[in-house]
Every structure is written in C-alpha cells, then in structure tokens.
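Novice: Once you know that position 96 of the sequence shown is 619 in this note's numbering, the rest is easy, because the numbers rise by one and skip nothing.
Where a beta carbon is used, it is the ideal one built from N, C-alpha and C, also for glycine.
Okay, here's the structure, questions in a sec.
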Amino acid sequence: MGENTRPLTGAAMPSRRELANAIRALAMDAVQKANSGHPGMPMGMADIAEVLWNDYLKHDPADPKWSDRDRFVLSNGHGSMLQYALLHLSGYPLPMDELKRFRQLHSKTPGHPEYGITPGVETTTGPLGQGLANAVGMAIAERSLAAQFNRPSFKLVDHYTYVFLGDGCLMEGISHEVCSLAGTLGLGKLIAFYDDNGISIDGEVHGWFTDDTPKRFEAYGWHVVPNVDGHDAEAVKRAIEESRKSDKPSLICCKTIIGFGSPNKQGKESSHGAALGVDEVTLARGQLGWKYPAFEIPAEYYKAWDARPRGKAFKDNWEKLFKAYRASYPELAAEFERRTKGELPADWHSRSKAFIDQVSAAGADIATRKASENVLNGFGPLLPELIGGSADLTGSNLTYWKGSRALSKQDAAGNYIFYGVREFGMSAVMNGLALHGGFIPYGGTFLTFSDYARNALRMAALMGIGSIYIYTHDSIGLGEDGPTHQSVEHIASLRLMPNMEVWRPADDTETAVAWARAIERRDGPVSMALSRQNLPHLARDAAQLAAIRRGGYVLQDTAGTPDAILIATGSEVALAAAAIKKLAEKGIRTRLVSMPCTSLFDGQDQAYRDSVLPPTVKARVSVEAGVTAGWHRYVGAEGRSMGLDRYGESAPAADVFKYFGFTADNVASQVEAALSRS
C-alpha cells in the first residue's frame, strides 16, 4: 500500500463496490431530478474514484485551499456529479440540498465544475482537454515550487496532480500540445486516469477514434499502464502504486463501462448525456443492490467516506513541518507564505511606481514589445513569482528578460518555459499555474495567434484568474508577413470577452503602466497588444501619468472647449498627435484622448468619462488600425471611426499604413469631415 492508503476493514464497513455505488446513486438521482446531465461517466468511473479518494488523495475537506493538498482535476467535466458526490461524501461543505439542486440557478452544483463556486473544485472544466492542460500547469507549479523552497529534511511542497479524462479530452488537439510538453518536462507527479469506455456522444468511438493511445503517450515520454480494469479496485491500486514510483507523467488506461449498473443503458451512448429515466433508475438500483431511496446515504457510508480525520492529520503534520521550516529558514518561510497567499511584495507599489516614473521621465522611441522587455527587466527582480514563456517566438515577443532561466526536466527551478508552437496549450497551462498558486504566469505569441488560444483565454476570464497574455505584432504594422499574420479583428474580439482586460499601449510609459496593472490584477486576465515597429515616447505630466490607469485620458488638449476630439490607441496615438498639428494650422482646436484600455475607461464614473469626452463635443474621430467595431460607443452618431474593416496587405509597414489611409493628412481630413456633420 502507498503511504496514504487507508484499508477498508471491519464488519460494519461497506465494501469498496458499495462505496462506489454511493457515487452512482447520487449521480443517477441528481441527474434524474434535474432531468439534465451526464450520469454515464460518474457511474463508469466510480470505482476508480473510490480508490483514489479513499486511499491516496491528500486533502483536507475542512481547508480546501491548503497549499500542499493534492490537486484533483475532472477534465471530462460533463461528469460533474462524480466530483460533487465525492466532495459531499468526503466531508466538504457541500450539503445534500446542493446535490438536489444540481444544475439549478445559483446552486453550488452547476452543470460543469466551476472554480470559485464549489469548495474543492480546482478549475472550471467542460471544454474538453483544458482540464488536462490545467493539470499540466499545476504539476509544473508543484515541481517548480518544490525546487525553489524545499530543503534537506523539509519537503514543504510534495503533492500530486491527479486528472480524470475521457476520449473527448484525447481527441481534442490541446491534449497533444500539453501532453507532449509534460513528457518533455518529466512531470513525474502528474497522474492521469483515462476513462476508456469506447463511447462518445455519437456512439461507439471505433468509427472515428482508433489511435493507439498507450503508444501515443509512450512516444511523448509518459509512463503508461495499459488495460487496467477500471472496475477492479485492486487493479486500480496496483496501477496507482506503479505510477507513483515513476519519474515520468503517468497515464493509467482504465477499461470501464459507461453507465455501469444501468441494465438497459450501460455501455451505450444513451447513458452519456441524459437522465436514465425513472424506470431505469429503479432497475439500476436493483442491479447495483442499492436499497436506499433517492438522495439517502446511510450513516456507515458517510463514516467510511469521511476524509476529515485524515485530512486534519495531513494538514497538522504539514503545519508541524512548516513550523520547523520557519525556524530553520525564516526568510524562505515568509516568502513561501507571501507567494502562496497571492500577495505582492511589501515594497512592490513604491518600487514599481519609481520604475514607471523613471520610464516616463527618460523616454525612449521604441516598439512597445521592446518596452515590455524593459519592464520585465525592471519588474522581474522584484517578483520571483513571475514565470514566463513564449510559443516559439521568444526573440520576437521579447518575453525573456535578463533574469530568465529555462525550466526543464533537469532544472525545475527555472522561471521561463519554452512552450514550442503550442499557443492553446501554453495559455491553458498558464491558467493551471495561476490556479495552483505561488506564480504569476505570462506567455507570448503573435496577436493573430490568439485565435488558436481563444478558449483558454475565455476560461481565464470566466474563472477570474490573473494570467497575463503578451501579444506582439499587433496590427498591419507587422508589414511584410501580410494578412495571415496582420491582426485586424483580434483586439476588438478580445475586448468583447467579459472580464478580459485588453491593453494596447501607445508608448513605453503606457506599456509600463499596463504591466503594473496586469501584475496587480488578480481577479481576471490581461491581454497586451504590443507593436513590432518603434513608437515615439509621449510627454505627460504627473496627472496624465496617473490617469493612464483609468483606461482613457486626455493626452493633449487645447485652451477652452475643443472643437473636436481624436481618440486613438497604440501606434495610432502618435499619428493622431501629428494630425492635430495640421488641424491647429487651420485653427481647429482638437483634443487627443489616448484609450489604452477601453474596459477600464468604461468602469470609470460618468463624471470622469464626461470630462474626457464632453457630451457637447460631437465631432469625434477614433483611430485604430483594426476593425471599427466597438468605437461607435465613443464617437457617437455624429462621429467617425477610422479603421480597417478588411484584411491587410503584404508590404513594408509604412507602405501598408499609407495604403489604408493611416496618415496625418487623412486623419485631419476625417476630423474636418466630422466637424462638417456636427
């Protein structure tokens, strides 16, 4: 037996199969009551879950956020009732009334597991494969924290990441991206359980999924345990024991029967995504030998499942270890507590402000991607929790700073991940790093490739976690690579994503402020769209520098009420400034508003927004080298939006900008046209 095993003995103790049947009964009953859900997977994986949770999982239901708990991820999140049953039975604060409210409004048992709603749920899962990717990130975090903080005789960080997954997770392309990376990094404390039941929504998968999965994972460099009977507790235990001894990530291939115990629907797609039906639930109770009414669990089952005594012992032992660790390594202990609590260093605000002030005062005409690299060199030494990377574009994204150190199988303490060409995988792994705690992850690629990663970005926004996405080559300013690489619609589409904060800074100063904001924002992700081409540094006074954090502010103004307002972002701010000089020669008083982050500006009070965009000034023009969607909110019915509602062209950047009318003369003409209409 492993060090965390608990033998189930005693005359009054239910058998393993009976304990697993408690999961099956709760899954059947909750799905039937809701008349919605997926009973098949929970019924099929119940025996595996019983072994893992009762014999191996290190956790404390009384403290679901204890830092050295094992992480359990349900990547096949449609089977959410499996996890809810496990949490309820093992003693988490998830009462039976919540199981009875499965999939109902504001319940703690939503259709798919959601981070922040249900105690004990580590990540939001449902889009298949992403839970697996998050688990890879969590395993990287555990290994890296251990390398940074563990000392002889002090295994302060020592936990596993367990993940359940199904055929759907393995068919999704993201599984290739992240499992290949996991094998390369040698994540030996990542153990995945493959629910090989041969069924997906469309029926028997042999018609469309005939991969040799064990060989596939062996090729990745994983330890594979094939052909495990997922309904044989001892076989599952042997597989777990074997996997825990490996220095490679492990895949345990479990042969299971979907809907196990349902006489007429087990082994069929009909048990996958719909309630079994009242009559079939009754028949299943008989076949399983489950004698109890709906939602009734006998006391002896609760006693057998109760993980609170073991959980308390686990945590108490760890706290004794940490107390001794603190005595031997007080500075490391304080740093560990700070990082696992998600707190920034005590001097962060003063030192980051000093750096921003320095950037603003010195000024440099550089690309904002270069400005981002400079910020990393300024902020990196202050933040050991930063862990960066790039999807094979390090030299273009400029995400590798002077203190970067490649994370590898040989060096787990590194703070930079070479993700390879894996944009989706990188983004979801970053989410796992953020969810685990102890790190602030950032990762880079070209803005146009955010399309590949979009669903991981959406999940970060949905969960409200602080991943930082660095997107360079932000517009037609990319130039010669042409429309396949020139981002046109991407910034607008990212702005549409609720809780995604999108920054398009105009120069080095706005880039520094964007980075500070991204680091401080822990309740949602930040995307930064950065230029390839050099941009001029723009002068600001102290009030304007402070106003950058409000998302939009007056960068240049005129005496009295302006005749017109130019609103611009990124590389077009300097272009608008040049147009204002031409307008001034004609006696047209024009205000320049820099709008690096529309969502932050939208969150300001009405008085501030009106002070920046006075309602009386109708002649307004927005300027952004992308689609015009969204700008009508700021220019109004009488304003104009300069943009690019088509794809770009392959040519040098200056020629492309000129071809599409992004010149000072044309911007000035657009303002004059707006004035003629107002």
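List, from N- to C-terminal side, the alpha helix (DSSP H) runs of 4 residues or more that fit wholly inside the stretch 1001 to 1043.
Specialist: If we require 4 residues or more, the alpha helix (DSSP H) runs fully inside the stretch 1001 to 1043 come out as 1013 to 1018, 1031 to 1043.
Novice: What alpha helix (DSSP H) runs, 4 residues minimum, are completely inside the stretch 937 to 973?
Specialist: Counting whole runs of 4 or more residues, the stretch 937 to 973 contains the alpha helix (DSSP H) stretches 946 to 959.
Novice: Looking at T1034: is its Cβ nearer than 7 Å to the Cβ of A894?
Specialist: Numbered from 1 along the sequence shown, position 511 holds the residue referred to as residue 1034. Numbered from 1 along the sequence shown, position 371 holds the residue referred to as residue 894. Yes, they are a contact pair.
Novice: Any chance you could list the beta strand (DSSP E) runs of at least 3 consecutive residues sitting entirely within the stretch 1119 to 1188, in chain order?
Specialist: Entirely contained in the stretch 1119 to 1188, the beta strand (DSSP E) runs reaching 3 residues are, in chain order, 1143 to 1146, 1163 to 1165.
Novice: Going by DSSP, name the residue or residues bridged to E727.
Specialist: Here residue 727 is taken as the residue at index 204 of the sequence shown, counted from 1. E727 is bridged to I722.
Novice: Does the contact criterion of 3 or more C-beta pairs under 8 Å hold for the stretch 593 to 603 versus the stretch 556 to 569?
Specialist: The stretch 593 to 603 vs the stretch 556 to 569: in contact.
Novice: Which of the three DSSP states, helix, strand or coil, is assigned to S927?
Specialist: The residue labelled residue 927 in the question sits at position 404 within the sequence shown. Of the three classes helix, strand and coil, the one that applies to S927 here is coil, per DSSP.
Novice: State the DSSP-derived secondary structure class of I889, mapped to helix, strand or coil.
Specialist: For the purposes of this step, residue 889 is identified with residue 366 of the sequence shown, where counting begins at 1. Looking at I889 - three-state DSSP - the assignment turns out to be strand.
Novice: When the distance is taken between beta carbons, is A983 closer than 7 Å to F947?
Specialist: Taking the first residue of the sequence shown as 1, we reach residue 947 at position 424. Taking the first residue of the sequence shown as 1, we reach residue 983 at position 460. No; because the gap between Cβ atoms is not below 7 Å, this pair is not in contact.
Novice: Buried or exposed for H682, going by 16 or more other Cβ atoms inside 10 Å?
Specialist: Your numbering for residue 682 matches position 159 in the sequence shown. Classification for H682: buried.
Novice: Does DSSP classify Y607 as helix, strand or coil?
Specialist: Along the sequence shown, read from residue 1 onward, the residue named residue 607 stands at position 84. Reduced to three states, the DSSP call for Y607 is helix.
Novice: Return the Cβ separation of S1117 and L1058 in integer angstroms, given the expectation that the two are a contact with Cβ distance under 8 Å.
Specialist: On the sequence shown, position 594 is the one that residue 1117 refers to. On the sequence shown, position 535 is the one that residue 1058 refers to. That belief does not hold up - the Cβ atoms of S1117 and L1058 are roughly 12 Å apart, past 8 Å.
Novice: Taking L1115 and V1194 to be in contact with their CB atoms under 8 Å, please state how far apart those CB atoms are, rounded to whole angstroms.
Specialist: In the sequence shown, the residue the question calls residue 1115 occupies position 592. In the sequence shown, the residue the question calls residue 1194 occupies position 671. In fact, because the Cβ distance is near 11 Å, the residues do not count as touching under 8 Å.
Novice: When the distance is taken between beta carbons, is G912 closer than 7 Å to G966?
Specialist: Stepping through the sequence shown from its first residue, residue 966 is reached at position 443. Stepping through the sequence shown from its first residue, residue 912 is reached at position 389. Contact flag set, yes.
Novice: Quick one: what does DSSP say R1063 is sitting in, helix, strand or coil?
Specialist: Start at 1 with the first residue of the sequence shown, and residue 1063 comes out as number 540. R1063 falls in the coil class under three-state DSSP.
Novice: Please list the terminal residues of the continuous beta strand (DSSP E) segment that includes Y994.
Specialist: As a working mapping, residue 994 is identified with position 471 in the sequence shown. From DSSP, the beta strand (DSSP E) with Y994 extends over 991 to 995.
Novice: Pick from G1149, M536, T1139, S1145: whose alpha carbon is nearest that of E823?
Specialist: Locating residue 823 in the sequence shown gives position 300, counting from the first residue. E823 has its Cα closest to that of M536, out of G1149, M536, T1139, S1145.
Novice: Using the C-alpha atoms, what's the distance from E764 back to E526?
Specialist: As a first step, residue 526 is located in the sequence shown; it is residue number 3 there, counting from the start. As a first step, residue 764 is located in the sequence shown; it is residue number 241 there, counting from the start. With a pLDDT of only 34 at E526, under the threshold of 50, the placement of this residue in the model should not be trusted; the figure read from the coordinates follows. Answer to the nearest angstrom: the Cα atoms are 10 Å apart.
Novice: Please give me, in chain order, every unbroken run of the beta strand (DSSP E) with length at least 3 that falls completely inside the stretch 676 to 725.
Specialist: For the stretch 676 to 725, whole beta strand (DSSP E) runs of length 3 or above, ordered along the chain, are 684 to 689, 713 to 719.
Novice: Assess contact between the stretch 651 to 664 and the stretch 948 to 961, defined as three or more Cβ pairs (one per stretch) separated by less than 8 Å. Is contact present?
Specialist: Counting Cβ pairs under 8 Å, three or more are found: they touch.
Novice: Who are the near neighbours of P584 in its chain, counting only those whose CB is closer than 6 Å to its CB and skipping five residues on each side?
Specialist: To locate residue 584, count along the sequence shown from 1; it is residue 61. For P584, where only same-chain residues beyond five positions count, the Cβ hits under 6 Å are S613, G614, Y615, A830, R831, G834.
Novice: Which residues mark the beginning and the end of the beta strand (DSSP E) in which G912 is found?
Specialist: Your numbering for residue 912 matches position 389 in the sequence shown. Unbroken beta strand (DSSP E) run through G912: 909 to 913.
Novice: Counting Cβ pairs, one atom from each stretch, are 3 or more of them under 8 Å apart for the stretch 1026 to 1041 and the stretch 930 to 941?
Specialist: In short, these stretches do not touch, since the Cβ pair count stays below three.
Novice: Sorted by chain position, which residues of the same chain lie with C-beta nearer than 6 Å to G652's C-beta, five sequence neighbours on each side aside?
Specialist: Looking up residue 652 in the sequence shown gives position 129. Within the same chain, G652 has close Cβ partners C692, E695, I697, S698.
Novice: Just tell me which of N954, V804, L1061 has its CA closest to the CA of M566.
Specialist: Position 43 of the sequence shown, counting from 1, holds the residue named residue 566. Looking at the Cα atoms, V804 is the closest of the given residues.
Novice: Report buried or exposed for H635, applying the criterion of at least 16 other Cβ atoms within 10 angstroms of its Cβ.
Specialist: Here residue 635 corresponds to residue number 112 of the sequence shown, with the count starting at 1. Buried is the call here.
Novice: Quick one: is A877 buried, meaning 16 or more other Cβ sit within 10 Å of its Cβ, or exposed?
Specialist: The count along the sequence shown starts at 1 and reaches residue 877 at position 354. Its Cβ having fewer than 16 others within 10 Å, A877 is exposed.
Novice: Name the DSSP bridge partner or partners of K838?
Specialist: Stepping through the sequence shown from its first residue, residue 838 is reached at position 315. Answer by DSSP bridge pairing: none, since K838 is not bridged.
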